[in-house]
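Same order as they appear, the protein sequences are chains S and U. Positions 1385 to 1497 (the working numbering) are the ones given, in order, by the first sequence. Positions 11 to 124 (the working numbering) are the ones given, in order, by the second sequence. Working notes for the structure below.
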Amino acid sequence: SQQGEEDPQALSIQEGENATMNCSYKTSINNLQWYRQNSGRGLVHLILIRSNEREKHSGRLRVTLDTSKKSSSLLITASRAADTASYFCATVLSGAGSYQLTFGKGTKLSVIP
Amino acid sequence: DAGITQSPRHKVTETGTPVTLRCHQTENHRYMYWYRQDPGHGLRLIHYSYGVKDTDKGEVSDGYSVSRSKTEDFLLTLESATSSQTSVYFCAISDREASADTQYFGPGTRLTVL
């Protein structure tokens, strides 16, 4: 069963706008990770946020984590056409299962030039 | 793709035939993973390895077996392929367990079972 669920499933914005994607999960986690997948390619890691962290930044990316609500958000600022891709959140469960990443179904982002 | 190759990249096979997919890494990472990606399901873990000859099942392991005789190679075998195993298969590697590290993905293998 899916641990993480992204919302929305699809998002279309104009270049230069900000894009926000959300991820909800069900059980306690060790960390949460965001990945990007360009069409026909493998996944690329974007950012990892641990359960004791609330916010992380990496370039134009900002990730927040609210463990009380079991949710995370990924914000891409000043989007570019090259940001067009699918974005996945993945969780690592606390305790047993630390070997495993559990992925959501993804948000498909389209950035229109 | 972080020194990860998958072979073949595309394969078409018939129901009932055995199929082996290979993942090869040049990073000397300890952990290796096989996922499948299907529309509407995201990525699901099939099997993973935490060292040479050390493997374990993931979420969707039925119908699949794996082997890891060398650090750099992780093989995924479909003993008797079925149409439900038509999918895109991704290999991933990490230097430490998922609780401490990110994973690096290969380019994928598109498998079609007729």
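Each residue gets a CB set at the ideal place from its N, CA and C atoms; glycine is no exception. Keep in mind it's a predicted model, so treat the numbers as computed, not measured.
Shown here for THR1448 (chain S): same chain residues with a beta carbon closer than 7 Å to its own, the five before and five after excluded, namely ARG1438, GLU1439, SER1456 and SER1457 in chain order. Taking all protein chains in view, the Cβ of VAL62 (chain U) is surrounded by fewer than 16 other Cβ atoms within 10 Å, so the residue is classified as exposed. Here ARG54 (chain U) really is in contact with TYR45 (chain U); their C-beta atoms are around 6 Å apart, less than 8 Å.
Within the same chain, and ignoring the five residues on either side of GLY1388 (chain S) in sequence, the residues whose Cβ sits closer than 6 Å to its Cβ are CYS1407, TYR1409, CYS1473, THR1475 and GLY1488.
Per the coordinates, the alpha-carbon of GLU1399 (chain S) lies some 32 Å from the alpha-carbon of ALA102 (chain U). Taking C-beta atoms under 8 Å as the contact rule, TYR74 (chain U) and HIS51 (chain U) fail to qualify, at a distance of about 15 Å.
For ASN1415 (chain S), the uninterrupted beta strand (DSSP E) segment begins and ends at 1413 to 1421. In this structure, VAL76 (chain U) sits near LEU85 (chain U), with a CB-CB distance shorter than 8 Å.
In this chain, THR36 (chain U) is not harboured by any beta strand (DSSP E), its DSSP state being neither H nor E. Check the Cα spacing between THR92 (chain U) and each of U:ILE14, U:PRO18, U:ARG19 and U:GLU24: the tightest is with U:GLU24. Only exposed fits LEU124 (chain U), as fewer than 16 other CB atoms lie within 10 angstroms of its CB. Rounded to the nearest angstrom, the gap between the Cα atoms of ILE1433 (chain S) and THR27 (chain U) is 43 Å. Contact check for ALA1403 (chain S) against LYS1492 (chain S) fails: the beta carbons are separated by 8 Å or more.
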